[in-house]
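For my numbering, count along the sequence shown from 1 and bump the result up by 1.
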Amino acid sequence: MKITAPILALTAALGLSACGEKTPAENTAAALENAAEQSTPEAAAVLENQADQIRDQNVTAPISEPGSPGQQALQEAGNAQAAAQAAPAAAPSQGAKPHAPGDPVPPPKVAADGTGNHAGH
C-alpha cells in the first residue's frame, strides 16, 4: 500500500498542532495547507478549500481528533488524488497506415475533409 501525501501530512499536522502560539483553527488550517503543498493538484484544491473553511468557521477540533474536519479533509483529499490517478489515460491517436505490398506509390491524395481517391482502402 502506497502512503499518500495527505497521510504523511497528518504527521506534520500533529506536530504543528502542538504549537501553542496559534489558535486551534489556525493550526489545523496551516497543517492542511502544508499537506496541500505536498499533494497533487486535485488533493491540494480540497485541502486548501477546507483550510479556508476551518479558519472562517473557527473550528477548534484538532486535526488529530478522529472525525474532525481536518481528518475529513485529509480523507477527501486522498479520495480526490486516488480518483485522479485511476482516471483512464487518453487512447493513443492512430497514425498513418503502413505501406503494404500492392499499395500505389506514391499514395493517393486525400482531401483534408477525408474525401478523395482512397484506391479501395
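We put the CB at the ideal spot given by N, CA and C, even for glycine.
Small disclaimer: the values here were computed from a predicted structure and weren't measured.
Looking at C-beta atoms only, is the number of pairs between the stretch 56-70 and the stretch 94-106 that lie closer than 8 angstroms three or more?
no
So A44 and A81 are in contact, right, with Cβ under 8 angstroms, and what is the actual spacing, rounded?
5 angstroms
DSSP three-state label for V47, please.
helix
Are the beta-carbon atoms belonging to V47 and E77 less than 8 angstroms from one another?
yes
CB contact flag (G79, T29, <8 angstroms)
no
CA-to-CA distance, V111 to N50, given in whole angstroms:
52 angstroms
Rounded to whole angstroms, what is the Cα-Cα separation between E34 and Q95?
42 angstroms
Where P42 and A52 are concerned, what is the direct C-alpha to C-alpha distance, given to the nearest angstrom?
15 angstroms
Can you check which of these residues, Q39, I55, A84 and A85, is closest to Q73 by C-alpha distance?
I55
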